[in-house]
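One structure is given below, encoded as structure tokens.
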Ligand SMILES: C[S@@+](CC[C@H](N)C(=O)[O-])C[C@H]1O[C@@H](n2cnc3c(N)ncnc32)[C@H](O)[C@@H]1O
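Written as structure tokens, this is what we have:
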């Protein structure tokens, strides 16, 4: 499975190119053979195309808060020749209600996937992501979050410390999030951290599931 040079007009992320296969490896171990996924903050669309190709039993719904991402998402998917990707949706996690189109499809989703958004968006997006996941996930669905995190028990790498400082300099509302704070927001939404997977380059892949016995989430 290989994707050649970026298609014409597509955005390109070197990090996405590096981390797509390690993430796919974990997705394959974590997810069942079939299902439907909503991807939050799809960005360039490199992940969308790679995961749709690598998980052929899944239907993949990309989305982003920026409509200018859509052409790139489409271009990567067209180049990969994947037929299991829906048209990208405009979805800002901070919107009180997520797009009506979601309910027109096969809802609820078996997985929500979100990579590299929480540190490059205001903290409120974490609360919104957790609440949205609780609204849109099937009872046994999983929320999978990938990116850098700060952990109380684990020394933060020099690279992540420098990255955090640069993010906060660009926008004081941005910054690498504390895993404990993220897990707290999940708990408030009725989810719990089920799995923490160490990934290359000091990133984590976090798997959240519904908290057993908790069926209600805040609106
Ligand atoms: C660093 S990019 C990550 C893209 C891709 N997931 C990846 O890992 O390569 C961050 C993405 O988050 C999106 N984003 C920022 N704020 C958002 C929000 N409130 N709701 C949804 N997406 C948002 C941006 O538009 C951008 O595409």
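In our numbering, the protein residues as written are 2 to 220. Backbone N, C-alpha and C define an ideal beta-carbon position, used for all residues, glycine too.
- Runs of the beta strand (DSSP E) lying entirely within the segment 138-214, each at least 3 residues long, are 138-148, 192-200, 204-211 in chain order.
- When only Cα atoms are considered, residue 101 and residue 67 end up about 17 Å apart.
- When the five nearest sequence neighbours on each side are left out, the beta carbons in the same chain lying within less than 8 Å of the beta carbon of residue 93 are those of 66, in order along the chain.
- In this structure, residue 95 has its CB closer than 7 Å to one or more heavy atoms of ligand 1.
- DSSP places residue 51 inside the alpha helix (DSSP H), whose first and last residues are 47-55.
- Of the candidates 184, 185, 149, 149 places its Cα closest to the Cα of residue 168.
- In the DSSP assignment, residue 37 falls within the beta strand (DSSP E) that extends over 36-41.
- If you check the C-beta of residue 62 against ligand 1, you find no heavy atom less than 7 Å away.
- Ligand 1 has a heavy atom closer than 7 Å to the beta-carbon of residue 117.
- Apart from sequence neighbours up to five positions away, the residues of its chain that approach residue 86 with a beta-carbon distance below 7 Å are 49, 53, 61, 63, 78, ordered along the chain.
- Looking at the DSSP output, residue 22 bridges to nothing.
- A straight-line Cα-Cα distance of about 24 Å links residue 182 and residue 111.
- Proximity of the beta carbon of residue 48 to ligand 1 is indicated: a heavy atom of the ligand is located closer than 7 Å.
- In this structure residue 96 does not touch residue 147 by the C-beta definition: roughly 22 Å separates them, more than the 8 Å allowed.
- Residue environment for residue 163: exposed (fewer than 16 other C-beta atoms within 10 angstroms of its C-beta).
- Distances between the C-beta of residue 26 and the heavy atoms of ligand 1 are all 7 Å or more.
- Using a C-beta cut-off of 8 Å, the segment 20-39 makes contact with the segment 198-207, since at least three inter-stretch Cβ pairs fall below that distance.
- By the Cβ neighbour-count rule, residue 133 is buried, with 16 or more other Cβ atoms within 10 Å of its own.
- In terms of Cα proximity to residue 119, the closest of 43, 34, 6, 27 is 43.
- Not one heavy atom of ligand 1 lies closer than 7 Å to the C-beta of residue 53.
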